[in-house]
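Residue numbers (my numbering): -6 to 84.
Glycine is no exception: its CB is placed at the ideal position from the N, C-alpha and C atoms.
Please read all numbers here as calculations on a predicted model, not as lab measurements.
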């Protein structure tokens, strides 16, 4: 599948690079390190970090919308655990 999205990095000046939707590569996961269709704590932390980053961009006026894939039900256990750990650690 070919996506018609520009790939940009989180520190990009969106006001100069954007003309429509973009894919923001946070660069915090090596795709070869994950097993597709397998729920893990690392995957939950990764998903939560992505979602938080997207919401922060929207909150700060750097994004007009956030599109995100649904969380897999079995992954929600790890996402919830990652969120609790993040709040405990002050992240």
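{"Query": "Cβ neighbour criterion (16 or more within 10 Å) applied to residue 61", "Result": "exposed"}
{"Query": "Residue 39 classed as buried or exposed, judged by whether at least 16 other C-beta atoms fall within 10 angstroms", "Result": "buried"}
{"Query": "Buried/exposed call for residue 36, threshold 16 Cβ in 10 Å", "Result": "buried"}
{"Query": "Beta-carbon proximity of residue 23 to residue 2, cut-off 8 Å", "Result": "no"}
{"Query": "Secondary structure of residue 85, DSSP reduced to three states", "Result": "Look at the range of the chain in this structure, -6 to 84, and you will see that residue 85 is not part of it."}
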